[in-house]
Amino acid sequence: MENLNQQSIDNLTSLWLAAGIAFGNYQQHTAFDSIQVPGSEWPNRIWLKSAISPEVLSDAADFSRNNQLPLTLSHWGDFENSLQPLFEAAGFEAKSTQIGMSLKLSTPFEHPGRISLETVTTSEQAKIWAELYPQSFGYTISAEILEKANHTVQFYLVRKEEQAIGTAMILESNGVVGIHGVGIIPDFRKQGFAEEVMAVLLNNAIAKNIKLATLQSSAMGKNIYQKLGFTADFLMTNYRLKI
502 MENLNQQSID
512 NLTSLWLAAG
522 IAFGNYQQHT
532 AFDSIQVPGS
542 EWPNRIWLKS
552 AISPEVLSDA
562 ADFSRNNQLP
572 LTLSHWGDFE
582 NSLQPLFEAA
592 GFEAKSTQIG
602 MSLKLSTPFE
612 HPGRISLETV
622 TTSEQAKIWA
632 ELYPQSFGYT
642 ISAEILEKAN
652 HTVQFYLVRK
662 EEQAIGTAMI
672 LESNGVVGIH
682 GVGIIPDFRK
692 QGFAEEVMAV
702 LLNNAIAKNI
712 KLATLQSSAM
722 GKNIYQKLGF
732 TADFLMTNYR
742 LKI
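FYI, the numbering for the sequence shown is 502 to 744, going by the numbering used here.
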């Protein structure tokens with residue numbers, strides 16, 4: 502299970518790296534790495550690469566405090582979140598949690614065929630995608646990220662007939678498909694479209710003989726993924742400095 506968790510984490514950090522490196526804003530520090538993208542609320546991230554200690558967290562807090570952009574420190578651990586007091590003592594507070602989930606792929610999924618996935622390849626498509634995304638997630642990803650990172654990350658517009666109703670992004674790495682940013686705009690929710698997007702993405706991965714899918718879900722979306730067979734593997738907590 503530990504190796505599976507690491508595959509999921511590596512895919513996620515590779516997604517962040519794709520955005521940061523495209524802008525030349527990836528920094529490696531002794532105990533943590535960081536990424537910043539001006540003009541976008543995402544990924545703007547810190548993640549630890551050494552054992553957690555008060556000293557490591559103090560260094561991360563100092564770096565965040567001296568940074569022009571607000572940074573999120575993401576940490577993955579057990580569901581008890583037993584290390585949270587250490588983060589709080591260093592000046593951080595938990596802003597959100599996500600559940601790391603995975604699914605071993607074998608049998609294709611049935612779906613109604615109501616939607617299509619359109620690969621984002623033009624500036625106009627990137628602009629539409631960037632306008633739709635915050636309607637699902639409440640924060641922005643700039644269109645420029647899509648234009649600069651689309652050689653590594655596959656960005657999709659979800660269309661129902663001609664109308665764009667949602668977003669998705671995929672990163673394939675080391676035999677793993679990481680599914681990220683699957684969102685449906687409010688007018689089309691609770692109609693099974695998110696499940697259908699997932700089925701199409703998973704079937705595409707199966708057709709490529711990919712054996713493992715990973716994602717990070719909100720508590721609200723967890724049931725959708727469990728119905729597809731995903732299991733909950735770890736908790737990711739996103740921290741910000743206390744104001």
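Just so you know, even glycine gets a beta-carbon here, dropped at the ideal spot from N, CA and C.
Within the region 528-583, the runs of alpha helix (DSSP H) that reach at least 4 residues and sit entirely inside it are, in chain order, 555-566. Distance from the CA of Arg566 to the CA of Pro609, rounded to the nearest whole angstrom, comes to 47 Å. Within the same chain, Cβ atoms closer than 7 Å to the Cβ of Phe524 are found at Val538 and Lys649, the five residues on either side in sequence being excluded. With contact defined as three or more Cβ pairs closer than 8 Å, the region 598-607 and the region 621-636 are not in contact.
Gly639 sits exposed, since fewer than 16 C-beta atoms from the chains shown fall within 10 Å of its C-beta.
DSSP places Phe610 in no alpha helix (DSSP H); its state is neither H nor E. Under the 8 Å Cβ criterion, the region 649-661 counts as touching the region 514-522, having at least three qualifying pairs.
Secondary structure of Gln636 (DSSP, three-state): helix. In the three-state reduction of the DSSP assignment, Phe524 falls in the coil class, being assigned neither a helical nor a strand state. Rounded to the nearest whole angstrom, the CA to CA distance from Pro571 to Gly592 is 14 Å. Per DSSP, reduced to three states, the secondary structure at Met699 is helical.
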